[in-house]
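Residue numbers (the working numbering), protein chains in the order written: chain A, 114 to 203; chain B, 429 to 952; chain C, 5 to 167; chain D, 844 to 958.
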């Protein structure tokens, strides 16, 4: 049982170290270094998709296929939960 | 018409099973038989589309892209793009074979269970997720499909909810895969924050290999290795494989290899130019040897644990762990042989490493088929005897002739004996690793022999030996289960008889695509 | 939460609040392309309104009124509507999966107008509002089915009685 | 410099607390809480990436003008939240079944019961 604490602690320490390093190395908060793709979407959302809401334009038009996947995930979860609580044959 | 289908095949390959999954609950309201036929037809159609696409990509050697929602890609790349090169085409062949065999098999196998509507729905969703994972050219889309596969497989592993072990196995599986998927998402977010791109080809083009990129690489590889069942985090795999219904296990094998594909894509394509480059030569070689070490550990754990297992399906599960180790061994050894050409200055994989790559790639296909066949046999035995422990089985060969033949085929194939497919790929791995380092080859061969010994022991325990009185009334399994096994067995025998044909037409384009990251970047 | 639900005060207040939550959720769904929100968010609001009824009246009562089978059919219909909108893009206009076939240069709709800066009309953005509605239907049915099934399954096992 | 990175450090904190709960806690429900904490951390990270200084939401309806924050991470977060809900529902269902079988949620007691 002690192994769990030793290895778990070690793993946690290593992960903490690298996460803090990456947090400090990420670009400054509020000043993204590279915004090409997003700026394109902001500029063209009205002309290309007709939606006023940029986020909805991304969700349903530019990345619509992700949304199909997301809807599928929810569908899967419902099917899974219903399968788990179905009536079993006696 | 034909051209039209081919042009839209990447989208159709995912959309057809999804459409089928949404329709299945409605069709199931009408009639059980109709629903089974409907599901099989949907999967057959899907396999047709997938094989059409794979054939086109593999024979022409081109890269096929599909943009969702627009005609042109445009610049910058904002839309989701499916990009299918040789490697993807190679992987989706698996996704075309396995679910179809599994669903035909489940017609009789699942007949006595309740909630079959949802069972078939989840199978179709699992197939769609697996295909999406193997074809997408977008990192976030990859994450979404990864989650679809892990949720649906967790629900299917726990399908027999009255068995406490299967519920426990499902819980372990979903905890491991969710944490893995969250790490993948974190890595994607790091890469996005740096380059403002999610497309794999765009990322591969612009990656600088700075500190953050290295952290993202490590996170991606660790998380996907967790999901692929590589050594330190392999514990969920035999449990999940062993406790799920056999037909489900066959499809989950496909998704596990999908995660393995993810490692290859990340390592060789997105970070490929940086790992295999002159400036990072030492790092690349060290990484290769690290993978070799993990692979040896995986093989050892798999084989040794398989030896002492008492549960039939868990034993095959550990054999599956060992087989994943063989693949990793091949790819790691190939990476360990990178060298700088003294004349041109180009960094490349040595000829021995190239053979290892081919062997490893070939082994992905063979492993999936062999292990699937063995699981289907184990499922058939559970179906007729309701008994999983090896100690309580015996003398089944007399009553179940066909199943015995299928088991022998699977046994010979998985332990790498001459006439069948496992031999072809393992020979390539032995040859190349012997050139790289003889110890590796010796360890690999020894473990293979141990695996054979394990399976011979099982063969004696289950099929030979005295006829047990309690199995007097045991009959051969129903036809649909035999057909499911027959499909896989036929492909195994075909590959075993004509390995060169398969290597030249399927494996070589995949290896070429794996090595050639520039072509993938140029695909968009 | 017992089988018969909570007290009369809670039940009455739930009845008063429910229509408002319903309307608000539907508003969020329908205006998804104009204001913050969309199918998922609005669907979650409506589903939580339904969950509120579940808490107030108890899972047995709710299960008598709404069966999870019907919810599951509704969910399938929502998903089918969504994927068929995507398939229409394959057949119409640009012939691409997930094409916004109503809006744009090759679009078929005269009904759907270009948006204006400032306050836009609801009939903009082509296929997006329709997809919002499909996803909204799906999320309402899906989330409510999950909550309902889980609540109904747990109402029997109080205390650690092993099976 | 470091003061501006506080949102990222909050992300790290959330992920670490979640991982701690997953590794060291022996109650299954607490492990699930840990997983949702990791998930919140990752979602927070995505949202912080979308922020630009002095920006408004990327919505043109009654927009005051000026620069807008990045829309893509917000869409990704939306997707990831829905996926999180789905995973959570399935994990809780599995825990309910484990409780039915074992009558406990303690990992040690479940292991004892198995042997």
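From the three backbone atoms N, C-alpha and C, an ideal C-beta is built for every residue, glycine too.
| Item | Value |
| --- | --- |
| Where residue 578 of chain B sits in the DSSP three-state scheme | helix |
| Reference residue 941 of chain D, options D:918, D:898, D:870, closest by Cα | D:870 |
| CB contact below 8 Å: residue 889 of chain D versus chain B | yes |
| Cβ shell of residue 163 of chain C (< 8 Å), same chain only, five flanking positions each side left out | Reliability fails at residue 163 of chain C, whose pLDDT of 44 lies under 50, so the model's placement of it is uncertain and the value that follows must be treated cautiously. None. |
| Nearest-angstrom Cβ-Cβ length linking residue 668 of chain B and residue 658 of chain B, presumed shorter than 8 Å | With 8 Å as the limit, residue 668 of chain B and residue 658 of chain B do not qualify as a contact, their Cβ atoms being about 15 Å apart. |
| Rounded straight-line distance, which links the Cα of residue 941 of chain B to that of residue 858 of chain B | 23 Å |
| Inter-residue CB distance, residue 145 of chain C and residue 79 of chain C (contact presumed, cutoff 8 Å) | 4 Å |
| Alpha carbon of residue 119 of chain A to alpha carbon of residue 867 of chain D, nearest angstrom | 11 Å |
| 8 Å Cβ cutoff met for residue 570 of chain B and residue 690 of chain B | yes |
| Chain A residues whose Cβ lies nearer than 7 Å to that of residue 150 of chain C | 190, 191, 194 |
| Neighbour list for residue 39 of chain C in chain A, Cβ cutoff strictly below 9 Å | 165, 166 |
| Contact list for the stretch 613-629 of chain B against chain C, Cβ threshold 9 Å | none |
| Inter-residue spacing [alpha-carbon to alpha-carbon] between residue 136 of chain C and residue 530 of chain B | 36 Å |
| Proximal chain C residues relative to residue 181 of chain A, where beta-carbon distance stays under 8 Å | 86, 87, 90, 102 |
| Three-state secondary structure (DSSP) of residue 5 of chain C | Note on residue 5 of chain C: pLDDT 46, under 50, position unreliable in the model; the coordinate value appears next. DSSP places residue 5 of chain C in coil when its eight states are reduced to three. |
| Best match in B:840, B:609, B:821 for proximity to residue 892 of chain B [C-alpha to C-alpha] | B:821 |
| Top-ranked residue by Cα proximity to residue 151 of chain A, from B:459, B:624, B:670 | B:624 |
| Chain-ordered neighbours of residue 76 of chain C on chain A, where CB pairs are closer than 9 Å | 191, 192, 195 |
| Short Cβ contact (8 Å threshold) for residue 398 of chain B with residue 816 of chain B | A query on residue 398 of chain B cannot be resolved here, the shown segment of chain B reaching from 429 to 952 and no further. |
| Unbroken beta strand (DSSP E) run spanning residue 493 of chain B, endpoints | 492-495 |
| The stretch 528-549 of chain B: positions lying closer than 8 Å to chain D by Cβ | none |
| Three-state class that DSSP yields for residue 768 of chain B in the structure shown | strand |
| Identity of the residue in B:587, B:773, B:771 nearest residue 676 of chain B by Cα | B:587 |
| Whole-number beta carbon distance between residue 33 of chain C and residue 19 of chain C, since they are thought to touch under 8 Å | The pair is not a contact, with the Cβ atoms about 22 Å apart (cut-off 8 Å). |
| Within-8 Å CB hit, residue 453 of chain B to chain C | yes |
| Residues that residue 681 of chain B bridges to, as DSSP identifies them | Its beta-bridge partners do not exist; DSSP assigns none. |
| Collapsed DSSP secondary structure at residue 510 of chain B in the structure displayed | strand |
| Minimum Cβ-Cβ distance from residue 945 of chain D to chain B less than 8 Å | yes |
| Closer than 8 Å to chain D by CB, residue 596 of chain B | yes |
| Proximal residues to residue 130 of chain A (C-beta, below 8 Å), its chain only, five neighbours per side dropped | none |
| CB contact check: residue 697 of chain B to chain A, cutoff 8 Å | no |
| CB-CB length for residue 948 of chain B against residue 491 of chain B, believed under 8 Å | 7 Å |
| Where residue 167 of chain C sits in the DSSP three-state scheme | Bear in mind that a pLDDT of 39 at residue 167 of chain C, under 50, signals an unreliable position, so the number given afterwards is only what the model happens to contain. DSSP places residue 167 of chain C in coil when its eight states are reduced to three. |
| Neighbourhood of residue 895 of chain B by C-beta distance below 7 Å, restricted to the same chain and skipping five residues each side | 823, 826 |
| Residue 580 of chain B burial status per 10 Å Cβ neighbour count (16 or more: buried) | buried |
| CB contact below 8 Å: residue 123 of chain A versus chain D | no |
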